[in-house]
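Everything in the sequence shown is counted per our numbering, starting at 103 for the first residue and increasing by one. Note that CB positions come from ideal geometry on N, CA and C, so glycine has one too. A short write-up of the structure that comes next.
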Amino acid sequence: MEYFSLEHDQRLEAIGSSITFPEQLVQGFEHAEDFQTVFVKPGRKQGYSCIIEHPVFLVSIEIQQIFTGFAPNMKSKTVHVINPNISSQDTYYMLDIPEIDCISSTHATIEKGFVKKLVIREEPIEDQPMFKIKSLIRPSLVVRLDVAEALLRTSLYGLKIQRILTEAGVEHE
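What follows is the structure in structure tokens.
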């Protein structure tokens, strides 16, 4: 199976730092309310992106709908991002995505919690369509090939999709 990481496109300004997030949202899915409202900080601009990585991982409705197609029982919570500076509102979703400890201890290179070369083991993943990699300073969101293909068929803005090596793939190179 092939896997891909999803992250904010670094060529665009990260918008998470322009938003004031309540502490319960930052603490994670289990602490967040089902519906949350957050605000863009005064004087800050906020461009639209289909993904917000930090300090809270949020996805747009387009990504949430695709993920729900592959994992219909996945729980989500709604986060409304309001920008009073320009009277706009965008809706994002916080997803209850499982964290899996799947980093290859023999092939991956990690220095001070940061991944220099990411290689994952497939056994612990089983048949998860999407998951976060546990044990990283910033958990990385990973999707299967079929999910990545579905994402690429849509017009998503601000998303970087990158192939991740598996132990089996490294051994065949």
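Going by beta-carbon coordinates alone, are residue i and residue j separated by less than 9 Å?
| i | j | result |
| --- | --- | --- |
| P124 | N187 | no |
| M196 | L253 | no |
| Y105 | V244 | yes |
| V158 | V181 | yes |
| S237 | D203 | yes |
| I205 | I154 | no |
Mind checking which residues open and close the alpha helix (DSSP H) that includes residue i?
| i | result |
| --- | --- |
| V128 | 125–128 |
Quick check on residue i: buried or exposed, where buried means 16 or more other Cβ atoms within 10 Å of its Cβ?
| i | result |
| --- | --- |
| Q166 | buried |
| S189 | exposed |
| Y194 | buried |
Any beta carbon from chain D within less than 9 Å of residue i's own beta carbon?
| i | result |
| --- | --- |
| N185 | Among the chains of the structure shown, chain D does not appear; only one protein chain is present. |
How would you write the range of the beta strand (DSSP E) that residue i sits in, first residue to last?
| i | result |
| --- | --- |
| N185 | 178–185 |
### Unbroken stretches of the beta strand (DSSP E), 3 residues or longer, contained in the region 193–266
211–213, 216–219, 232–235, 242–246
### Task
Just list the alpha helix (DSSP H) runs in the region 111–168, keeping only unbroken ones of 4 residues or longer that don't cross its boundaries, in chain order.
Complete alpha helix (DSSP H) runs here, min 4: 125–128.
### Message
Below 8 Å, how does it come out for the region 251–266 and the region 125–136: are there three or more Cβ pairs, yes or no?
### Response
no
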